[in-house]
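The numbering of the sequence shown is our numbering, which starts it at 1 and goes up by one.
Note that CB positions come from ideal geometry on N, CA and C, so glycine has one too.
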Amino acid sequence: MHACLVRSAVVAVAAAGTLTWAPAASAQPSEPTPSASAAPAETPAPDAGSVEITAKDTAGDVLPGAAFLLLDSAGQEAGRGKTDAQGKLAFPDLEPGVYRLKETASGSPLHEVVADQDVIVTPGATTRLTITDPFKAAKVFLQAKDDKTGKLLPGATVNIGTGDSTLLTLTTSSKGTASGELPVSSRKTQFWVKEIKAPVGYDLYKLSKTFSAGPGAPVTVTVTNAKTATDPKPDPSDKPTHKPTSTPSTPADKPSSGTGGARPSAPGTGTPDADSSSTAAAATAGDSTPKTPAGSLAHTGADATPWIAAGAGLLVAGGVVTLVVARRRTADGSEPDDSGTAS
1 MHACLVRSAV VAVAAAGTLT WAPAASAQPS EPTPSASAAP AETPAPDAGS
51 VEITAKDTAG DVLPGAAFLL LDSAGQEAGR GKTDAQGKLA FPDLEPGVYR
101 LKETASGSPL HEVVADQDVI VTPGATTRLT ITDPFKAAKV FLQAKDDKTG
151 KLLPGATVNI GTGDSTLLTL TTSSKGTASG ELPVSSRKTQ FWVKEIKAPV
201 GYDLYKLSKT FSAGPGAPVT VTVTNAKTAT DPKPDPSDKP THKPTSTPST
251 PADKPSSGTG GARPSAPGTG TPDADSSSTA AAATAGDSTP KTPAGSLAHT
301 GADATPWIAA GAGLLVAGGV VTLVVARRRT ADGSEPDDSG TAS
């Protein structure tokens with residue numbers, strides 16, 4: 001059809017007697033414009049997701065000003081920000097995938113930041129997270145003292161806890177002190193102290209003791225111990241007197257010990273020295289008689305002293321009587337005989 005139109009135009013111009021080439025734009029062949037519906041359809045982009053954070057502490061209070069950083073799977077920053085007055089922060093328009101969430105600041109001097117964690121973003125959904133920041137630990141300083149002198153005591157072991165839970169165990173060093181960190185769950189927490197081992201030479205501290213501690217605040221805990229009571233040493237004067245023991249007599253065939261032994265007589269004579277024999281006999285008699293210690297009970301047998309005294313008395317009385325009789329006889333015999341003197 002296009003060729004027929006061109007021929008008709010040429011014939012018409014020739015008939016008019018003038019030959020002129022004037023191509024018409026409408027006469028040029030034109031390619032059909034493809035419609036938009038004919039274009040190949042592109043793959044639609046997946047729906048984006050988001051992350052919403054709420055920051056709180058262990059007591060349940062929201063934490064405004066907490067700072068967070070979000071990194072994609074390649075480690076590139078995907079977003080950062082701080083929680084608002086309600087403790088909330090949102091990261092919108094995130095491609096689905098796994099992200100890394102970092103808390104860079106808690107926004108409070110009383111709280112610690114949490115460890116990094118992974119976050120999964122799903123298409124067209126919002127991933128909601130609650131971040132709970134713990135309170136900073138309290139600084140505990142323990143000391144054990146003598147209850148009288150105040151001297152610091154080593155070797156005291158105590159448990160510190162709250163409720164039924166023991167949270168910290170400390171033992172005083174050679175300086176009598178110890179320190180540690182005590183986890184707290186509120187801005188003011190009540191704790192108990194119990195001594196489980198006393199210093200050497202001291203009684204266990206059995207009184208109940210409590211104290212309060214706050215996040216990050218130092219606190220001093222003191223336990224006092226009393227010396228263990230010791231039994232007094234016995235007085236030697238209070239010891240019971242030993243019972244007397246009888247000394248066995250010296251055998252006849254053995255000389256007694258010490259100066260009581262009999263000495264041999266002078267050489268050349270077979271007769272023993274009388275003085276030596278009497279001395280030996282006296283010593284032997286003395287050794288064979290048990291001596292009664294001072295303060296001991298009397299012997300059960302009869303004592304010979306009264307008999308000796310009685311015998312001595314009788315001898316003295318007899319002597320006196322004999323002397324009197326003798327004097328009388330002498331007096332009677334001394335009178336002069338008349339017949340004798342006359343002659």
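It is roughly 41 Å from the alpha-carbon of G79 to the alpha-carbon of S165.
When the five nearest sequence neighbours on each side are left out, the beta carbons in the same chain lying within less than 7 Å of the beta carbon of K136 are those of L110, H111, E112, P215, G216, in order along the chain.
At the C-beta level, T222 and Q143 come within 8 Å of one another. By the criterion of a C-beta distance shorter than 8 Å, T210 is surrounded in its chain by Q190, F191, W192, V193, once the five residues flanking it on both sides are discounted. Cβ neighbours of P92 within its own chain (closer than 8 Å, five residues either side excluded): A48, S50. Residue environment: L314 is assigned as exposed (fewer than 16 neighbouring CB atoms within 10 Å of its CB, all protein chains considered). Taken through DSSP and simplified to helix, strand or coil, R80 comes out as strand. The distance from the Cβ of T171 to that of F141 is about 14 Å, inconsistent with a contact at the 8 Å cut-off. Under the DSSP assignment, T104 falls in the beta strand (DSSP E) whose first and last residues are 97-105.
With respect to the 8 Å criterion, Y202 and L153 are classified as neighbours on the basis of their beta carbons. Boundaries for T228: no beta strand (DSSP E) harbours it, and the DSSP string shows neither H nor E there. Counting only the Cα atoms, L101 lies some 21 Å from D61.
Close CB contacts of T130 within its chain, under the 6 Å cut and outside five residues either way in sequence, are with T54 (chain order). For E181, the enclosing beta strand (DSSP E) begins and ends at 177-182. Taking 8 Å as the upper bound for CB-CB distance, T83 and K145 are not in contact here, some 47 Å apart. Its chain contains A67 as the residues whose beta carbon lies nearer than 6 Å to that of A105, once the 5 sequence neighbours on both sides are disregarded; these appear in chain order. Burial state of A138 is buried, judged by a 10 Å Cβ sphere holding 16 or more other Cβ atoms.
The Cβ-Cβ distance between S108 and L63 falls below 8 Å. Take the alpha-carbon of L71 and the one of A198: they are about 54 Å apart. A direct Cα-Cα distance of roughly 10 Å separates V316 from T322. If you draw a 10 Å sphere on the C-beta of I160, you find 16 or more other C-beta atoms in it, and that means buried. For the set P96, G150, K148, D133, the Cα lying nearest the Cα of G124 is the one of P96. Taken through DSSP and simplified to helix, strand or coil, A317 comes out as helix.
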